[in-house]
Structure formats: C-alpha cells, structure tokens
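**Q** Shown below is the structure under consideration.
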Amino acid sequence: MFLIFDTETTGLPRDYNAPVTDLDNWPRCVQVAWQLHDESGKLISHNSIIIRPDGYTIPFKAVEIHGISTERALQEGADLKESLLEFAEALQHTKYLCGHNIEFDINIIGAEFIRSGMSDLFAGKAILDTKSDSTTEFCAIPGGKGGKFKWPTLTELYTKLFNQSFEEAHNAAFDVNATARCFFEVVKRGIMKVPGLAKEIATVITYDAPDLSVLLAHEKNLKKSAFDKAQSDKKETSNENVSEKKETKIDTGILFSHLHTHSQFSVLQSTSDVDDLVKKAASYNCPGLAISDHGNMFGAFLFWQSVDKHNKKIKDHNALVDKGEKQEEKKSELKCIIGCELFVTDNRASKDKQ
C-alpha cells in the first residue's frame, strides 16, 4: 500500500542533515495529514490532525504559512502521542512512504516519535518522493544549480500535470490531496517508477480522492472570521483615534544618533562615504554616529579618522571661545561609535555553508 503524508511545523531545522535524535534541531509538528491507498489507487483511509502544543508556541512566521495559530491548536488540537499512534496504525499497513520532499516530513515525525518515547516505525519502508530527478526533468523549470533545472514545488508540479493550481496550499490535508493526485499521475504516465509495482498495474492506477469539502468549508470560515475580526478591530482603532485625538507637541530638542549606519565599504550601491556621513551627523547636531560595516575594518578606520579630524576642529573652536577670541557658543564633539556584526556558526571549519 501507499501512505502519502505531509506535515505542517513550527519552522525549519537549523541543519537538514542532523539526525532525528537532535531534538533541538528539528521543529515541532503542528499538523499531520495522510492518505492510505492500495496498489490500484483505491482510498483505504485518511485523516488530518492538528496537534495540541505542549510546552511551546507556534511562531507568527509559521502561522503566516499554514494558518494554525497557538490559540487554534490549543482549541482544536489533539494529544501528540494519541495522534502519533493513530498515524502509526496507518503506517504499519503500508509498504511505500510517499510525499513531496518526504525526507523532511519523515524527520519531523521521527523526532516526534522519539519525544513520545516511541520506536522508529519508518524502518524498512520504501521511500517515493515526487520531488525527484524525474519530476524535475518533466517540469523543466530553469534556475537550478549549474544551469540545470530546479526542483519543482508541489504547486509547480501540480500545475504542470493538471494545468491548474489547488486550494489551501500549505495546509497538510490539502497538500496531501495534491501530492497524492500528483503521485498517482506521474506513476500512471511512467514519469516515476515504483519498485515492485507491475507495469500493467502502474498504467491503470487511478487516484481515489477523499471528500474534503467539509474541511475546506471549515478553513474558509476560519479565514473569513479572521478577516472580519481584523476589519472590525481596524475600524474600532480608527474610531478611537478620531475620538481621542489630542494636540501633541514635538520636542525638537531630542538628541538623535544613527547607530546602525553602513558606508560604501559594505553597501556598494551606497552613495554615502564616511566623510559625508560625519558631516551630515554634525549638521544635524547628532551627539554620536555609528558605522557597522560588514567585516571591513578599513571602513571603521576611516570613520574614526574622519570623526577625529572633525573633533579637532571642534576642540580648536571651543578653545578660542574659552579665550574670548570668539563670541560664539561652544560646540559638542561627535562620539565615534564603531558597530560590530558577528556571523555565528556551529562549525567554523565547515565549508558546507557559505
């Protein structure tokens, strides 16, 4: 049998090559969905489960992708181990693990198995990935490394096969539905070979899709509710601003300093050289200025040199004022602040990541 599955997570791993035992590396599973089909494509079972977070929250960036917030997961989610046991029930009946970039999902669930004290249930299963060399050649999308074609996304593969996109991308249930349809289609067309599957079966294999209309309606209602709430909050905020509008006075005496300035030494398109930055800061009476050029100490040296030159003029001016030779106010020196940006790596000797 074929088990097609997908996950939604709290984010991405730091290292895709790390073992699943490195639990700090692998993000948490927010949703797992699957479909179990026999060798003819007939649907045996399917499910989609949102997992209730325990001891962690779902980052906003992840919510933007799959739409499952911590609040929603706490309200609709199921216990992690109960969810994994239900998934394991389908897993034990399959010979093939199928998905798009399936290795990622295997690692996500594998890490959750370990967290829940369960054994590795993926061992001995054949892996069939719709993100493969054969589908890459089929889609023929430019932009890969070395002038080759790039890996197709699920949406790109689906569009190439069926000349249409699919709804609710980045929801595990709908992603599984799209992946399953793509998988059976590429097998049927002979784009992708399945080890151990007879050719006469492969050429007539047919995808038996589940009815996801209720789930789709639920997702659309959630999006509409979220949109309506956002519009209502926006209107209330606007009304509050109008009713509570007060006359405000701007304090023009506040001192301001740019603390994260770059020069042409790190931003090559920049038109601001060091001397111009110092002159502009002085003209605005800034008490200080910082340069944070990327790893370029020569830029820092020229910056210090320019500020030192400027401050010598200020010192000379103030000395003349003290002697009574100038009837002007004393000026403040410009504080020279050298910023630092650090690039942190787990292994400085590794050349895998540039």
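When we follow my numbering, the leftmost residue of the sequence shown carries the number 386, and every step to the right adds one.
For glycine and all other residues, C-beta sits at the position ideal for the given N, C-alpha and C.
(1) According to the neighbour-count rule (16 or more other Cβ atoms, all chains shown, within 10 Å of its Cβ), is I586 buried or exposed?
(2) Determine the extent of the beta strand (DSSP E) in which N432 is found, giving its start and end residues.
(3) Please give me, in chain order, every unbroken run of the alpha helix (DSSP H) with length at least 4 that falls completely inside the segment 552 to 603.
(4) Among W689, S691, V561, which residue has its Cα nearest to the Cα of S430?
(5) Mind reading off the beta-carbon distance from F688 to I676? Whole number of angstroms is fine, and I expect it under 8 Å.
(6) Consult DSSP for T455 and reduce its assignment to one of helix, strand or coil.
(7) Using only the alpha-carbon positions, how far apart do G709 and I699 sit?
(8) For I434, I'd like the list of residues in its chain whose CB is within less than 6 Å of its CB, leaving aside the five on either flank, ordered along the chain.
(9) Count the other C-beta atoms from every protein chain shown that fall within 10 angstroms of the C-beta of D505, then say buried if there are 16 or more, exposed otherwise.
(10) Ignore the nearest five residues each way along the sequence and tell me which others in N606's own chain have a CB closer than 7 Å to its CB.
(11) Pick out whichever of N696, D658, G684 has its Cα sitting closest to the Cα of N670.
(12) If you reduce the DSSP assignment to three classes, tell me which class V729 lands in.
(13) Quick one: using the 10 Å Cβ neighbour count with 16 as the cut-off for buried, is R399 buried or exposed?
(14) Output yes or no for whether 9 Å exceeds the beta carbon distance between G396 and P444.
(15) For F551, which residues in the same chain have their Cβ closer than 6 Å to its Cβ, ignoring the five residues on either side in sequence?
(16) In whole angstroms, what separates the C-alpha of T515 from that of F728?
(17) Taking the straight line between their C-alpha atoms, what separation do you get for F390 and F534?
(18) Looking only at C-alpha atoms, which of G440, K446, A475 sits nearest to L459?
(19) Mind checking which residues open and close the beta strand (DSSP E) that includes V415?
(20) Give me the residue from L705, G724, D693 with the minimum Cα distance to E718.
(21) What did DSSP end up calling C524 once you bin it into helix, strand or coil?
(22) Between G575 and T588, what straight-line distance do the alpha-carbon atoms span, to the nearest angstrom?
(23) Roughly how many angstroms separate the alpha carbons of E471 and A734, rounded to a whole number?
(24) Contact check, V748 vs I499 under 8 Å by CB: the rounded distance?
(25) Is Y401 close to the ligand GTP? I mean its beta-carbon at under 8 Å from any heavy atom of the ligand.
(26) Can you tell me which of the three DSSP states K510 falls into?
(27) Taking 7 Å as the limit between beta carbons, can you name the residues of its chain near K427, skipping five residues before and five after?
(28) Unbroken alpha helix (DSSP H) runs of length 4 or more, entirely within the segment 655 to 689: which are they?
(29) Could you pull the DSSP bridge partners for H702 from this structure?
(30) Below 8 Å on the Cβ atoms is my guess for K480 versus A511; work out the distance and round it to an integer in Å.
(31) So, with DSSP's three-state summary, where would you put D707?
(32) Let me check understanding here. Comparing Cα to Cα, which of K665, L644, T591 lies closest to E341?
(33) How far does the alpha helix (DSSP H) with F547 in it reach, from first residue to last?
(34) From this set, K665, P672, D660, which residue's C-alpha is nearest F641's C-alpha?
(35) Apart from the five residues on each side of it in sequence, which residues of its chain come closer than 6 Å, Cβ to Cβ, to D731?
(36) Going by DSSP in three states, K720 sits in which element: helix, strand or coil?
**A** Concretely, from the data shown:
(1) The residue in question, I586, is exposed, as its Cβ has fewer than 16 Cβ neighbours within 10 Å.
(2) Looking at the DSSP string, the run of the beta strand (DSSP E) that includes N432 is 428 to 435.
(3) Taken in chain order, the complete alpha helix (DSSP H) segments of 4 residues or longer contained in the segment 552 to 603 are 557 to 574, 584 to 587.
(4) The option with the nearest alpha carbon to S430 is V561.
(5) Yes, they are in contact, since the Cβ atoms of F688 and I676 sit about 4 Å apart, within 8 Å.
(6) Collapsing the DSSP output to three states places T455 in a helix.
(7) Between the C-alpha atoms of G709 and I699 there is a straight-line separation of about 15 Å.
(8) Within the same chain, Cβ atoms closer than 6 Å to the Cβ of I434 are found at V417, A463, S468, the five residues on either side in sequence being excluded.
(9) Around the beta-carbon of D505, fewer than 16 other beta-carbon atoms lie within 10 Å, marking it exposed.
(10) Within the same chain, no Cβ atom closer than 7 Å to the Cβ of N606 is found once the five residues on either side in sequence are excluded.
(11) The shortest Cα separation from N670 among N696, D658, G684 belongs to N696.
(12) Three-state result, V729: coil.
(13) So R399 ends up on the exposed side.
(14) G396 places its beta carbon less than 9 Å from that of P444.
(15) Here the set comprises Y543, A563.
(16) Going by the C-alpha atoms only, they are around 35 Å apart.
(17) Using only the alpha carbons, I get a separation of about 26 Å.
(18) Nearest C-alpha to L459: G440.
(19) Taken as a continuous stretch (DSSP letters only), the beta strand (DSSP E) holding V415 covers 414 to 422.
(20) The alpha carbon of E718 has as its nearest neighbour, out of L705, G724, D693, the alpha carbon of D693.
(21) It is helical.
(22) Rounded to whole angstroms, the gap between the alpha carbons of G575 and T588 is 7 Å.
(23) Rounded to the nearest angstrom, the two C-alpha atoms are 43 Å apart.
(24) Residue 748 cannot be examined here, being either before or after the span of the chain that is shown, 386 to 739.
(25) The ligand GTP is not among the ligands present in this structure, which contains no ligands whatsoever.
(26) Collapsing the DSSP output to three states places K510 in coil.
(27) A distance below 7 Å between beta-carbons, with the five flanking residues on each side excluded, links K427 to the following residues of its chain, in chain order: D593.
(28) Restricted to the segment 655 to 689, the alpha helix (DSSP H) segments that are unbroken, complete and at least 4 residues in length are 659 to 668, listed in chain order.
(29) Residue pairing of H702 in beta bridges, as defined by DSSP: absent, with no partner found.
(30) About 6 Å separates the CB atoms of K480 and A511; that is less than 8 Å, so the two are in contact.
(31) Assignment of D707 by DSSP, reduced to helix, strand and coil, places it in the helix class.
(32) Lying outside 386 to 739, the shown extent of the chain, residue 341 is not represented and no answer is given.
(33) Bounds of the alpha helix (DSSP H) holding F547 are 539 to 547.
(34) For F641, the nearest C-alpha among the options comes from P672.
(35) Closer than 6 Å at the Cβ level, and outside the excluded window around D731, lies no residue.
(36) Correct three-state label for K720: strand.
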